[in-house]
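Here's the structure, in structure tokens; my notes come after.
Chains as they are written, first to last, in the numbering used here: chain A, -14 to 1506; chain B, 15 to 480.
Here is the structure:
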């Protein structure tokens, strides 16, 4: 990617991310004015806080603006330059970035001119545009390209559309030619825009700089009717001018998660592209997606092609970013048909995205299907539309506002300046679906499995040879017992605990499935994971397979595909496909077997042969290729299915024929979720796991699945479990649909050599080299030999496994009987000697390889430091922390023992995500302190009150956890006793769900906001962000540093004590050695390392582990498993069952009594570790730990590794040391600047001093703007410090604001404070509300109906624990998400309202969006459902009952609330409801969670014969009928 | 995985021992039968640990959680497969192993451990009952011949493994019947000998050749063995008893335990033993507080003595696990075997100073003194005493294999402790000659012997295949 460093060490520019603030302003009438541009610039400035700056405070991450061609200005300027412009529309203007060096520049200009001429256009001239280099930062200046404009005239008779297409051709040709040339400094060459309609001004700028730098933007002659702006926040500080938005058609906030797959598929389908409009020019456009572009750039490339090839811009956007249509019961069939038709054309570009787009005539914006980015707009009476990531970005008088709205999931806001109006979403979509008879086309052409004829023959199960075949495919006893049986019996994947401590596949002596060399990637910070259960409506496993056609055309043939509801095929399904002969669907089976005796050579030969056969099959017009490993015998062994598939996939991609066929896998190998996830992730359309299916039959026949589980049930359950698992895997990456996941390759390989990866797994990261085909052949041989050995009666049928549970003859485990008992004996007997026996067992990995660090050697110093000169252990232990284990997951006794121990030694214990009992905040009489220094803030925000926050030394934002990165969790109801419920602000016995993402972090600038919130609440605490190692974590860490975190924690995959699905436990995340090294390298490269401390954790067990971590770049170290073992944990790995026999991971009072751990055990452990670290420091010649941080030069890879797998590994990327000057810090040396000094709260605290000190009532009025963020949090922190959670008496402090409030208005507001706001507010209003009162209503002078206009943004009252809120207007998505105690009244809410709510009261006096109450387990909500739509379709009834408002207590509650609401806000709607109370009562619905009912002992609701819901539905029908 | 909450619901239950009055009047096994259902309930107590310490505590690495679970689930056939996968002779270990697995059981940290040994015995007996245990002759023969010298548990385990691997195995036994200590050491009341015969029958059917009454080293010289066989395994046990070198040792009526016990085995087998050493009507003193001592005790009880004392030089261990041997180590603690239940007096910290005899040269008095703790065992002044005895049985352990004979003939080196030295692959200093069992590791448990036999067999198999 231009402007970014080349790949080096563990850094890969492909992992860079960005996000940001977007906005536009448009005059609906299309009237051009200079005013519009000034407004656009103002929006940018007011969004500045959503951007970031790098190490040079004057250099931003980039900003830009797109406007219509300012013809008047150009005409004037060009005339002065000596050439005349033709009328507007007959010429194009190119904004061109060029090399600075004149001679290089001239060459580039020459190429561009020549190409324009060759395309029949006339170059009118160049304009050397004046820029003000003094306006920008030092770094920006140093990397600034030379910027010119080129003016190109169309050929005579060309329409403007034709000219646009030609200009596109010219640009693409120039880009390709210069990229391929050896022009020096060619990286500078870039064309931000070349169009007859629009022009883009952008650069490495801060918002306020843009108009100064591009001075012409302030020229009164520069006019436009529309203006699209963007402020960027990137995860690096590398100067890049090109990566600023807008691109030619759009700018984007968020991330396209599936971009790798999308780009691959776009590339793969080029061969079949054809366009009448482009004709022969089409070829000149390839590659359509410019190599090395960002996700937005790639999306822009796709939009550009599809638009210029004839589709309207709204059509293209709908096609690329469709709304969630599969499961939408409210959608009309014609519209569904439109979406389904387009789904068979191409996969969605999936991700959290707010995209603003324009072609110069229409301008609009759309949100992803999940609505994960904010977008607010308003329309003025005089015809202006202002849209931005936030409300309040432009001052507009309230009385001028006609309407306030927000972007909604999958919906489009569109302003057409030609038609001079806003086109409503329904109308846009209707225009689209009525274009063609999509529904009829589907009916005629689409095929389903059910519609195919029964196959004459189906493979029968062969239970006699099943053991042989299971052995041949490497099945272990554990595969059956631990993985498959639970799936077959429960329909869910099994859960495990305590992480993983077995060798990486590339270090294991056992033959491994190739699958296990891969690790899943997952979303963290730069995009959110999705909850596939609670937000099922956005997820889909449906796919459309068959040959893909030219996507530039639209015919009924395009949907001639096979629709598969999910990717698992039974034998019967597969036979149907094998024999299909409908139209051009035709299948061919290719064997994936090889002569096992021939080893590597034969394997390679077989792969080559397979690829050749695949090519031939494509030529012969086969459209379904079934890769099959049936037929294993003494001579032939299966090729690992993933290898065969990926080899064919990549071969066909290279050949350009990939989209003409679908690849189907018929294999005995895949059996667990990870296997299926990989096959699909590498391009398979469907999988027939025939041996897994036979195994289920065998198990059922033998009765191993328990009574009542027949084969049919088992298979059904197994499919369900696999499908659920797949949804989980794709959702943790933030991907919603299987179709866009397919081929997206969101995996990282560990220990596969580069040459094999490049050849067969093109594009996959594999960073430490490792094994090749030779080892794969050997592994196949081992399994094959086992298969053809006699099955003795006196032996188990299958190998034992030992992956999930320790077995002597199974996989090696670091925590085994010997190490566990040695450690326990050492800490109990205070014996350092025994401890060293323990550590030598772990450190000595010469026989049993297990970890990467085990293969490292430390280089001793020439002159060791005498041990007495090394800093004392008492200092070293201060760098130690225990991991985040919640009170709830572990017992009170265990939790407090850890806290006491850590407080005694000056280390830090961690609350985990379950809050903390306030009784622990005070020291005990004996001086012990049971309070955890680190207070975790996790996605569920359990117990996160202001008082909790102020009682911390460190606030840790848990983005991901090692055991299951990218996933949420749940605490089963039986673990939630009285105390836990109190601490978590929930109800005893009610299950608690933690969402996969933080609903206030969908993107990097959101994280910055949360950090700012927490810093406000407790300015004394340092803020840390916990990430899990994966490829690209360094880049994310850089973003975290730029978001002003004080500490970043890199967790290894193996850590994690929490309960987790086994797939995640084993296959997600990577070792911390890799993640930490990458983090250190990237932070140093960006010169960010000196502002942030780095901590690491993940099965740290010995002083040597800590030493290696320090040398790789960590300053602090976290431990969980080892301290637990020190307290008596025996690695039962049953934490999720509440049956911990040693009283640690249980809430069962009887079992808790068995807890015998002592703080001394834990203290001994840490001092022993510190002592060992000292010994290493002495050997290595370091006197204190600071000297040691980041000294990778002192590590080398162990020499002469003769392990058959490990000998291929190469750690040079881990041990890479970026070459930067000495002044660039390699450890934390300076404090972050949190920018708190601008906080409005200082003023508030000043005004409230009397109240704070004496409890005197105070009241103030003041204006507020969107740049005022997190108002009220710091004031609340002050209250909590003084008065604890009791706060002050209600209304002691009252502030009345006027204007548009910034994000997190009233966050963590403490009891005793009331904030009122006249105007509107952005996202996260009342986040973490802790007893305060919030009142928001529109301006008294506004002219619209409050209940129909947007008032407060998304994710309001997230994690609120108490307090009240009254909103006289509409709220956005996820209102009161994870509410655990607040009472709120609002007049309308968007989708996912009251999601995961556990306590509190919510009253919605109007429309509530889809998926209301998903995952709600406690509290009550009432919704005024006037149309009946809420009850019939919008509410997610999976966990709640809907009941009428017939109990007098309920009626009274609601009435009282409305009265209070009216009193607080003067709500006209509230008033009207009260006036018509009797008539309104039947229209209210009470939302009552099942779980809550269960603990209250109320039976589930059985609807009575006619409820008001049905009545109202009937009435409606009557009215319509 | 057993039952998730099984350990919370059920308590440990073992089969009852038969009433003392009944059992001391016969030679049958002490324990009563146990119902399958009861054993299944015991299986439900297994917690299916992530790190099963029992599995490691067992020298054979029996995969205990797996078969506990299978038993719980009534899947006995798979259970015996899983058990046989690591243990050739569960019927021996299920009876006479002291069960270090149970000492290492995680549940044992704070509750009575899972009744692993009972489950093990039930699995194998269930298997025999159902006829599932059948000969498994090899599908093809390798043509290699292996001599196994000594038919104790180590030799038998090695023989079965090697034979199943296709090698032709001949087991040499100097006694008249095969089985070694299992035959002539373990009293009937601990393991009735049909149990052994049943297994030998299977092995013979599998093709193992047994040559009894052949004292290798005497009847067949080492060289001959070397010529006739491709590999030799020495598994002759550690038969050299530790002697008590005190005045009066030479008196009549002072015997090694291993003179006493085999005679009773023979009698139980129907042989007649001339001038059998009998406890009947005598004042018996057993010197040595270990398992062999307990076996002497039980055997004596059944011969109807006047009195029995059992002396131990070590101090009396604590009633519960000693802090010196924390879980999961084998606990130092006072154990009460069935023989102790049957009577006799145990005393600790006692050293025998001398014996004195009557006019016939028979032992009549034992002179002892109380001593301090190990390793010095200092006599405590003023604690000397004398007691009347008629029979003294020395059960003080063994010091290694009997020197000379085959060991000398094959020029096999010994280690510092006097056992046969081998490399990690169980091969002695003499190429092609391997060693396993007590002869290699010193006196130990039957479970170790089987483990050694299996490991040596694997090593021999590798040796023969290369």
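Just so it is clear, CB atoms sit at the ideal spot from N, CA and C, and this is done for glycine as well.
These figures come from a predicted structure and were not determined experimentally.
C-beta atoms of residue i and residue j nearer than 9 angstroms
i: residue 327 (chain B); j: residue 363 (chain B); result: yes
i: residue 4 (chain A); j: residue 239 (chain A); result: yes
i: residue 1074 (chain A); j: residue 852 (chain A); result: no
Euclidean distance between Cα positions of residue i and residue j
i: residue 1424 (chain A); j: residue 1412 (chain A); result: 22 angstroms
i: residue 378 (chain A); j: residue 859 (chain A); result: 52 angstroms
i: residue 981 (chain A); j: residue 515 (chain A); result: 6 angstroms
i: residue 469 (chain B); j: residue 160 (chain B); result: 15 angstroms
i: residue 336 (chain B); j: residue 201 (chain B); result: 29 angstroms
i: residue 571 (chain A); j: residue 762 (chain A); result: 32 angstroms
i: residue 379 (chain B); j: residue 268 (chain B); result: 11 angstroms
i: residue 1507 (chain A); j: residue 291 (chain A); result: In the structure displayed, chain A extends from -14 to 1506; residue 1507 (chain A) sits before or after that span and is not available.
Neighbour flag for residue i against chain A, beta carbons, 9 angstroms
i: residue 61 (chain B); result: yes
i: residue 50 (chain B); result: no
i: residue 66 (chain B); result: yes
i: residue 344 (chain B); result: no
i: residue 323 (chain B); result: no
CB contact below 9 angstroms: residue i versus chain B
i: residue 1135 (chain A); result: yes
i: residue 830 (chain A); result: no
i: residue 766 (chain A); result: no
i: residue 1116 (chain A); result: yes
i: residue -3 (chain A); result: no
i: residue 785 (chain A); result: yes
Interface partners of residue i on chain A, CB under 7 angstroms
i: residue 19 (chain B); result: 1124
i: residue 222 (chain B); result: The premise fails here: residue 222 (chain B) is roughly 14 angstroms from chain A at the closest Cβ pair, so nothing lies under 7 angstroms.
Cross-chain neighbours of residue i in chain A, by beta carbon under 8 angstroms
i: residue 99 (chain B); result: 779, 780, 781
i: residue 150 (chain B); result: 777, 778, 779
Burial state of residue i (16 or more Cβ within 10 Å)
i: residue 158 (chain B); result: buried
i: residue 1404 (chain A); result: buried
Beta-carbon neighbours of residue i, restricted to chain A and to distances below 9 angstroms
i: residue 340 (chain B); result: 806, 809, 810, 813, 814
- Query: When you check each C-beta in the region 794 to 808 of chain A against every C-beta of chain D, which residues fall closer than 8 angstroms?
  - Reply: Chain labels in this structure do not include chain D; the protein chains are A and B.
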